[in-house]
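Chains as they are written, first to last, in the working numbering: chain A, 23 to 226; chain B, -18 to 155.
As structure tokens, then:
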């Protein structure tokens, strides 16, 4: 299969982590968070991780929405911690959101990008990150005060600490191999029911 | 109140209407037609003033505000409507309240030909995505239109755009 060349500036090592273990290992206590998950892989694995918690708003479409939903939610709920989990494809679709979020600098927001370098749902084409685009550098350049890259198991302890302790607006790039996300049969919830259950659980 | 509204005073009255109705997140791509609202939101310690890089960010932000129990408004120019179209799947499918105020170009008296394609497409494209469109043509229309839109959006979970028409705000001079 023909491929685009990798960027000559690509410097990160090949990903070695399996998302099926790495995502639960990174997010030890999902109950601590209000959560937003981007479509496809991250929505499935977050749904499995939380047993379809109503504190998770998972997208089945509207690609590119997750980080900005997280910002609106974080500003509206300053006393709660908000966790956005999304893929590289979703984040790439709306990179400007990182600039917008950094300007607001909500201290209660953590964004985890589960970066498999591919469009897993559409035939596993290389994504821009798979060809060397650095989303951690983008986040730093936008002004995220805390940015952490997880390449190997050795980087995981610091990632876990950041997720657990939340020392301000944080971007974590979790680099994983190609391969399936955990999918335990999450129902494809009717979108407006997903909204209603999230709000009912949070707001009563 | 409504009869005292003039071309000079409607933007201030509009800001006060939004605040009186509990809007606390103002997100926008800057436009001259929204200058007063943007400046007021930046100066108001009780609201979040959120400049966007593109309008579709604002649609997602409005949804997040609603999930957290706050009210948001999206301010954009007519050309920005085109940047929101697929993201309106989110507000339509989830029945998120959407209140957006659109300052119009590419219509009444427009002198820049680049503005016409999107300006003329604003109403049909919004309606195609299920957004209800109200038009404010005169200063005295603004408060009643936005009052109606606030009820439709936040009480009835509809997606509503109020077009601040070029007849209202005046065609930009070149």
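C-beta: ideal position from N, C-alpha, C; glycine also.
**Request:** Mind reading off the beta-carbon distance from residue 59 of chain B to residue 90 of chain B? Whole number of angstroms is fine, and I expect it under 8 angstroms.
**Result:** One-based indexing of the second chain puts residue 59 of chain B at position 78. One-based indexing of the second chain puts residue 90 of chain B at position 109. Actually they are not in contact, since the Cβ atoms of residue 59 of chain B and residue 90 of chain B sit about 14 angstroms apart, beyond 8 angstroms.
**Message:** Closer than 7 angstroms between beta carbons: that is the criterion. Which residues of the region 193 to 205 of chain A meet it against chain B?
**Reply:** none
**Item:** 7 angstroms CB neighbourhood of residue -12 of chain B in its chain, flanking five on each side removed
**Value:** For the purposes of this step, residue -12 of chain B is identified with residue 7 of the second chain, where counting begins at 1. For residue -12 of chain B, where only same-chain residues beyond five positions count, the Cβ hits under 7 angstroms are 120.
**Asked** Using DSSP with H/G/I as helix, E/B as strand and the rest coil, what is residue 194 of chain A?
**Response** Mapped onto the first chain, residue 194 of chain A falls at position 172. Reduced to three states, the DSSP call for residue 194 of chain A is strand.
**Item:** Members of the region 120 to 149 of chain B near chain A, C-beta cut-off 9 angstroms
**Value:** 138
**Request:** Compute the beta-carbon to beta-carbon distance between residue 90 of chain A and residue 41 of chain B, rounded to the nearest angstrom, for a pair I have assumed lies under 8 angstroms.
**Result:** On the first chain, position 68 is the one that residue 90 of chain A refers to. On the second chain, position 60 is the one that residue 41 of chain B refers to. Contact holds; Cβ gap of about 4 angstroms.
**Message:** I'd like to confirm the pairing. Which residues does DSSP put opposite residue 32 of chain B in its beta bridges?
**Reply:** Translated into the one-based positions of the second chain, residue 32 of chain B becomes position 51. Paired residue(s): B:9.
**Asked** In this structure, does DSSP put residue 148 of chain A in helix, strand or coil?
**Response** Against the first chain, residue 148 of chain A aligns to sequence position 126. Residue state, collapsed to three classes: strand.
**Message:** Taking 8 angstroms as the limit between beta carbons, can you name the residues of its chain near residue 97 of chain A, skipping five residues before and five after?
**Reply:** Taking the first chain and counting its residues from 1, one reaches residue 97 of chain A at position 75. Here the set comprises 126 and 128.
**Request:** Check the DSSP bridge columns for residue 81 of chain A and list the partner residues they point to.
**Result:** As a working mapping, residue 81 of chain A is identified with position 59 in the first chain. Bridge partners of residue 81 of chain A: none, in fact.
**Item:** Cα-Cα separation between residue -6 of chain B and residue -14 of chain B, rounded to whole angstroms
**Value:** Along the second chain, one-based indexing puts residue -6 of chain B at 13. Along the second chain, one-based indexing puts residue -14 of chain B at 5. Rounded to whole angstroms, residue -6 of chain B to residue -14 of chain B spans 8 angstroms at the Cα level.
**Message:** The alpha helix (DSSP H) that contains residue 73 of chain A, what's its start and end?
**Reply:** Here residue 73 of chain A refers to the residue found at position 51 when the first chain is read from its first residue. No alpha helix (DSSP H) holds residue 73 of chain A; DSSP gives it neither H nor E.
**Message:** Assess contact between the region 143 to 159 of chain A and the region 27 to 35 of chain A, defined as three or more Cβ pairs (one per stretch) separated by less than 8 angstroms. Is contact present?
**Reply:** yes
**Start-to-end residues for the beta strand (DSSP E) that takes in residue 109 of chain A** = Taking the first chain and counting its residues from 1, the one referred to as residue 109 of chain A is at position 87. Counting along the chain, the beta strand (DSSP E) containing residue 109 of chain A begins and ends at 103 to 109.
**Asked** How should residue 183 of chain A be labelled, buried or exposed, when 16 other C-beta atoms within 10 angstroms of its C-beta is the threshold for buried?
**Response** Residue numbering aside, residue 183 of chain A sits at position 161 when the first chain is read from its first letter. So residue 183 of chain A ends up on the exposed side.
**Beta-carbon spacing of residue 140 of chain B, residue 65 of chain B below 8 angstroms** = As a working mapping, residue 140 of chain B is identified with position 159 in the second chain. As a working mapping, residue 65 of chain B is identified with position 84 in the second chain. Result no, Cβ atoms of residue 140 of chain B and residue 65 of chain B do not sit closer than 8 angstroms.
**Asked** Using the C-alpha atoms, what's the distance from residue 189 of chain A back to residue 87 of chain A?
**Response** Here residue 87 of chain A corresponds to residue number 65 of the first chain, with the count starting at 1. Here residue 189 of chain A corresponds to residue number 167 of the first chain, with the count starting at 1. In a straight line, the C-alpha of residue 87 of chain A is about 24 angstroms away from that of residue 189 of chain A.
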